[in-house]
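Count the sequence shown with the working numbering and you get residues 16 to 214, in order.
See below for the structure under consideration.
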Amino acid sequence: MSWLNKIKSLGETALRVGKKIKYGNRLGYQIIDTESALKDFARILEKEKTVAVDLEADSMYHFREKVCLIQIATKRKNVIIDPLQLDDLSPLAPFFFRHDIKKVFHGADYDIRSLYRDFNIEISNLFDTQIASRFLGIRETGLEAVLQKHFNIRLDKKYQKKDWSKRPLPKDMLEYAAKDAIYLAPLANVLEKELEKKG
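In structure tokens, the structure reads:
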């Protein structure tokens, strides 16, 4: 069994970019906080091949933690979904369960459990860039360290431990949240190639 099969690597990569970042608009993002906008975006997601996903939660501030933001990046869109403003996230469920769309996470275990706990969302065809990094023998597998290693990108993690349940969120926190997801698909592309070389 190959390394790729061991981490359930299925489907196409988002971009064939090697070591260069060409993923979406790194500065722009859309906030989705209405049911109609969520349904429209869910229809867009159904047409994608690879989608990157990240979450922000309030585990350090509340006994019963909850997902406070869902960041999703595609080739063309960089979106922040605000579940605290939405009563129903079920329009996303079919996308997450599609076997023909790859979902890229970093350290997916917590995110998978959180999405199921809060929204009853199950995920199929998942590529975890942290697990892939471990298979490649990379010692530091946090997202910041892996991005610095492969793309020489430094992430500012000063908002990582903030209370994401507060509303309204300041612009700088939203920009912080939007940045994490946009690098995941190019990172997955590079890691897949390295795993293929390893055999």
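Just so it is clear, CB atoms sit at the ideal spot from N, CA and C, and this is done for glycine as well.
Just so we're clear, the structure is a prediction, and the values are computed from it rather than from any experiment.
Counterpart residues of residue i in DSSP-defined beta bridges
i, result
"T49", "T49 is not bridged to any residue."
"K117", "T65"
"E71", "L84"
C-beta atoms of residue i and residue j nearer than 9 Å
i, j, result
"I47", "V94", "yes"
"Y125", "L162", "no"
"A160", "A67", "no"
"I85", "L130", "yes"
"Y198", "I168", "yes"
"L158", "L170", "yes"
"L210", "F166", "no"
"R182", "L99", "yes"
Neighbourhood of residue i by C-beta distance below 7 Å, restricted to the same chain and skipping five residues each side
i, result
"K208", "none"
"N40", "The predicted model places N40 with a pLDDT of 39, which falls under 50 and marks its position as unreliable; any figure quoted below should be read in that light. Excluding residues within five positions, the ones whose Cβ falls inside 7 Å are N93."
"L42", "Bear in mind that a pLDDT of 48 at L42, under 50, signals an unreliable position, so the model cannot answer this."
"L101", "D48, E50, L53"
"A193", "Y44, Q86, N93, I95"
"K172", "E159"
Integer Cβ distance of residue i from residue j, believed to fall under 8 Å
i, j, result
"I138", "I146", "That belief does not hold up - the Cβ atoms of I138 and I146 are roughly 14 Å apart, past 8 Å."
"E80", "A88", "At roughly 23 Å, the Cβ-Cβ gap does not stay under 8 Å, so E80 and A88 are not in contact."
"K62", "K117", "K62 to K117, Cβ: 14 Å. No contact."
Cβ-based neighbour list, residue i, same chain, cut-off 6 Å, excluding 5 preceding and 5 following
i, result
"S17", "Confidence is the limiting factor: at S17 the pLDDT is only 44, short of 50, which leaves the residue's position unreliable, though a coordinate-based value still follows. The answer is none, since no qualifying residue turns up."
"S148", "T156, V161"
"D143", "F120, A123"
"F112", "E137, S139"
"Q45", "V94"
"V205", "H165"
"I96", "I47, I85"
"Y174", "M188, Y191"
"A203", "V119, F142, T144"
"D115", "none"
Closer than 9 Å to chain E by CB, residue i
i, result
"L189", "Here there is only one protein chain, and chain E is not present."
Same chain, Cβ closer than 8 Å to residue i, neighbours up to 5 away in sequence not counted
i, result
"A57", "P106, L107, P109, F110"
"D178", "D73, M75, Y76"
"F134", "V82, P98, L104, S105, L107, A108"
At 3 residues or longer, what runs of the beta strand (DSSP E) sit wholly inside the stretch 80-168? Qualifying beta strand (DSSP E) stretches, in chain order: 82-88, 93-96, 117-120, 141-143.
Could you tell me which uninterrupted alpha helix (DSSP H) segments, each at least 4 residues in length, are contained entirely in the stretch 175-213, listed from first to last along the chain? Counting only runs that start and end inside the stretch 175-213, the alpha helix (DSSP H) elements of at least 4 residues fall at 186-197, 199-213.
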